[in-house]
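Everything below concerns the one structure shown next.
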Amino acid sequence: MRGCRETRRRVRARERASERARRTLAEVVPAERAQEEPAEPRGAVRQPFPPAHQVKRSFREPLSWRSPDPPAEEEPRFPPHFELKKPPEASDAILVVCEENSVRVEAKRDLLGIGQLVKAADVTLGGCPATGEDTRHQVLIFESELHQCGSRLLMSEDDLVYVFTLQYTPSPLGDTPIVRTRDVTVSIECQYQRKHDVSSGFLSPTWASFNDSQVSEESLYFSFRLMTDDWQVARPSSQFTLGDMMKFEVSVKQFHHTPLRVTVDDCVATVVRNVDTVPRYSFLGNNGCLFDSQLTGSGSRFLPRSRDDRLQFEVEAFKFQEDERGAIYITCNLKATAATSLADSLNKACSFNNGWTEASGVHQACSCCDADCGTGSRKQVRGNQSPLATTGLYHDTLSK
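In UniProt numbering, the protein residues as written are 1 to 400.
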């Protein structure tokens with residue numbers, strides 16, 4: 001009996017040992033298999049939201065589609081220092097000589113000033129081709145009688161004016177229909193006094209026939225400018241403080257004339273453009289006498305003349321009493337005479353400083369400034385293209 005019990009105890013012990021061994025093996029094998037299995041791939045597909053989170057959108061009208069608009073192009077922006085180039089004036093390349101009964105015109109073949117020579121056949125004077133050419137200097141020469149080559153005659157009470165037209169019409173380039181230069185038209189005038197007779201040699205006491213007389217006068221171009229204190233450039237403003245010196249410069253263009261000397265016959269200041277109004281102040285008159293310094297004790301004066309074709313003078317700024325407009329108009333008559341003639345009582349530039357002195361040093365010409373220097377026969381001249389210029393009359397507007 002005791003032996004049977006012992007046997008059963010041993011059998012149960014072995015079964016328990018086997019059970020423990022099986023448990024240990026079951027725990028080890030799954031861990032090893034887990035290491036051998038590949039890892040779950042990344043980025044697994046997400047499951048959709050449940051139906052409760054989904055919304056269906058509907059449109060009341062059908063959808064339409066069109067191509068998008070092209071992008072807007074910005075306007076080009078020029079640099080702050082950019083300046084559009086202006087074409088040079090063709091008149092700078094032209095020389096005109098008005099003779100007794102003919103005209104001579106010389107035109108550079110670089111007519112446009114761009115370094116490109118024009119074809120001689122493209123340039124005409126009133127339809128007439130060039131009569132010659134200076135190949136060394138690349139100059140076309142036109143010569144015509146005053147009544148030929150399409151000239152027009154204009155007449156006034158005192159003057160005869162012959163007007164010519166120099167025309168440049170570029171021809172097409174090669175066999176193409178294009179051109180790369182612009183048409184140019186230059187008006188040319190020869191002006192003659194109808195009643196101004198000039199004879200050469202000794203004067204004859206007998207009458208000469210009209211056919212023997214010569215008519216000779218050409219257009220004169222004057223400049224009347226306000227200058228900076230150093231006299232270097234034109235003054236950009238016409239505003240002055242009382243007591244400042246207003247600096248004026250007058251000049252005459254020489255062109256092909258006999259050397260000329262410019263003078264100022266008279267100047268008057270007014271509060272409006274009309275010189276025949278009051279108040280008015282004639283601070284320069286009597287054919288070139290600057291009265292202002294004598295009348296008011298100012299420092300107004302002519303500067304010593306350095307060139308015959310230019311004259312500079314300065315006047316101390318002033319205003320009219322009880323006038324609140326703050327501006328004055330200055331109107332001057334200018335005149336040009338042959339530079340070979342010395343200054344005289346009718347053609348002078350005199351300043352007063354304890355006595356009268358003349359800008360070119362001919363001081364005896366000022367001896368009549370305290371009397372009457374006479375009127376003389378003032379030559380009517382044609383002003384330049386300034387809008388303020390009329391025949392022999394020049395204006396400037398000054399603000400105080």
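The C-beta atom is built at its ideal place from N, Cα and C for all residues, glycine as well.
Residue nearest to residue i in terms of C-alpha spacing, selected from the options
i, options, result
"Ala-339", "Ser-360, Arg-60 and Ser-151", "Ser-360"
"Asn-347", "Glu-145, Cys-373, Phe-318 and Ser-237", "Cys-373"
"Tyr-221", "Arg-235, Arg-310, Met-245 and Gly-174", "Arg-310"
"Leu-160", "His-147, Gln-193, Asp-175 and Gln-138", "Gln-193"
"Pro-172", "Gly-299, Ser-237 and Asp-183", "Asp-183"
"Leu-153", "Ser-341, Arg-66 and Gln-191", "Gln-191"
"Val-272", "Glu-19, Phe-320 and Gly-126", "Phe-320"
"Ser-251", "Gln-239, Ser-238 and Ala-234", "Ala-234"
"residue 402", "Arg-66, Arg-261, Asn-286 and Ser-300", "For the chain, the structure presents residues 1 to 400; residue 402 sits outside this window and is missing."
"Cys-98", "Arg-8, Ser-64, Val-123 and His-147", "His-147"
"Met-246", "Asp-175, Arg-5, Ile-330 and Pro-259", "Ile-330"
"Gly-126", "Ala-120, Gly-355, Pro-259 and Gln-167", "Gln-167"
"Gly-174", "Ser-223, Gly-355, Lys-119 and Glu-100", "Lys-119"
"Ser-345", "Trp-356, Cys-332, Ser-367 and Arg-325", "Ser-367"
"Phe-248", "Gln-232, Phe-142, Thr-7 and Glu-143", "Gln-232"
"Pro-129", "Arg-136, Gln-138 and Phe-142", "Phe-142"
Under 8 Å between C-beta atoms of residue i and residue j
i, j, result
"Ser-282", "Asp-266", "yes"
"Thr-185", "Pro-170", "no"
"Phe-318", "Leu-242", "yes"
"Val-362", "Ala-343", "yes"
"Ser-102", "Glu-145", "yes"
"Arg-104", "Leu-117", "no"
"Val-315", "Ile-188", "no"
"Leu-290", "Phe-313", "yes"
"Ser-293", "Asn-353", "yes"
"Phe-302", "Ser-351", "yes"
"Gly-288", "Ala-349", "yes"
"Thr-131", "Gly-150", "no"
"Ile-328", "Thr-270", "yes"
"Leu-112", "Val-123", "no"
"Val-264", "Leu-284", "yes"
"Phe-224", "Cys-332", "yes"
"Ala-107", "Ala-121", "no"
For residue i, the three-state DSSP class (helix, strand or coil)
i, result
"Ala-349", "coil"
"Gln-232", "coil"
"Ser-341", "coil"
"Val-97", "strand"
"Thr-241", "coil"
"Ala-13", "helix"
"Thr-165", "strand"
"Thr-7", "helix"
"Gln-214", "Residue confidence for Gln-214 is low, a pLDDT of 29 falling below 50, so the modelled location carries little weight and cannot support an answer."
"Arg-273", "coil"
"Ser-306", "coil"
"Glu-19", "helix"
"Gln-380", "Because the pLDDT of Gln-380 is 34, which lies under 50, any placement of that residue in the model is unreliable, and the number read from its coordinates should be weighed accordingly. Coil at Gln-380, not helix or strand."
"Ala-317", "coil"
"Ala-371", "coil"
"Gln-364", "helix"
Unbroken beta strand (DSSP E) run spanning residue i, endpoints
i, result
"Thr-124", "123 to 125"
"Ala-269", "260 to 270"
"Thr-185", "184 to 193"
"Arg-152", "152 to 155"
Span of the alpha helix (DSSP H) around residue i
i, result
"Phe-146", "As written in the sequence, residue 146 is Leu, which differs from the Phe given in the question. No alpha helix (DSSP H) contains Leu-146, which DSSP labels as neither H nor E."
"Asp-292", "292 to 296"
According to DSSP, residues forming a beta bridge with residue i
i, result
"Glu-133", "Leu-140"
"Val-250", "Phe-224 and Leu-311"
"Thr-357", "Ser-351"
"Cys-289", "Gly-285 and Cys-350"
"Lys-108", "Val-139"
"Asp-159", "Gln-193"
"Leu-334", "Val-264"
"Cys-128", "Leu-125"
"Val-103", "Cys-98 and Ser-144"
"Arg-301", "Glu-314"
"Arg-280", "Thr-270"
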